[in-house]
Every structure is written in C-alpha cells, then in structure tokens.
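Peer 1: With positions in the sequence shown counted from 1, the corresponding number in our numbering is that position plus 218. Note that beta-carbon positions come from the ideal geometry of N, C-alpha and C, so glycine has one too. Here's a structure for you.
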Amino acid sequence: MPVLVVNMMEGRTDDQKRLLVEKVTDAVCVALGSEPNRVRIIINEMPGNGYAIGGKLMQDTDEKYKKR
219 MPVLVVNMME
229 GRTDDQKRLL
239 VEKVTDAVCV
249 ALGSEPNRVR
259 IIINEMPGNG
269 YAIGGKLMQD
279 TDEKYKKR
C-alpha cells in the first residue's frame, strides 16, 4: 500500500487538492501497478510562517503568504 506525503503551502482550494490527489493517485498506479483504493495520500499544509527558503520565512518573502 503506497503512502505519499505532500507538504505544501496553505491556500490551495479544495478543488485544487482534489485534482492533485486524483493525478498523483493515477501516476502511482501507473508507476507501481497499484490499485487506486490502495493509494494513501497525506496532505500537510504549512502556513507562511512555517516554511523558509534561503533563511527567510515565506511570509516575509512572498506576498501570497504574508500575515493578514
């Protein structure tokens, strides 16, 4: 049973997440010969203050993730 973990910044819509898990499941099934009902996907969403690139928080470098 494949278990995949997707870490991404918060802010995606439910429709975007639905499309993501559908496409990832399809790819896993093709690559591993697995059945869709055996594929597990965990989505971890991180706030802008919970992820950094190059020593800077995303909320400090990317307008989309700045605190409101």
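For Ala245, which residues of its own chain have a beta-carbon under 7 Å away from its beta-carbon, when the five flanking residues on both sides are left out?
Peer 2: Here the set comprises nothing.
Peer 1: In the structure shown, what three-state DSSP assignment does Glu253 receive?
Peer 2: DSSP places Glu253 in coil when its eight states are reduced to three.
Peer 1: What first and last residue would you give for the beta strand (DSSP E) that runs through Met264?
Peer 2: It spans Arg258 to Met264 - the beta strand (DSSP E) in which Met264 sits, taken as one unbroken run.
Peer 1: So which of Thr279, Ile261 and Asp280 has the shortest CA-CA distance to Val242?
Peer 2: Of the candidates Thr279, Ile261 and Asp280, the one whose C-alpha sits nearest the C-alpha of Val242 is Ile261.
Peer 1: Assign Arg286 to buried or exposed, taking buried as 16 or more other Cβ atoms, counted over all protein chains shown, within 10 Å of its Cβ.
Peer 2: At Arg286, the pLDDT of 44 sits below 50, so the modelled position is not reliable; the number obtained from the coordinates is stated separately. Arg286 comes out exposed.
Peer 1: In this structure, does DSSP put Met276 in helix, strand or coil?
Peer 2: Met276: helix per DSSP, three-state reduction.
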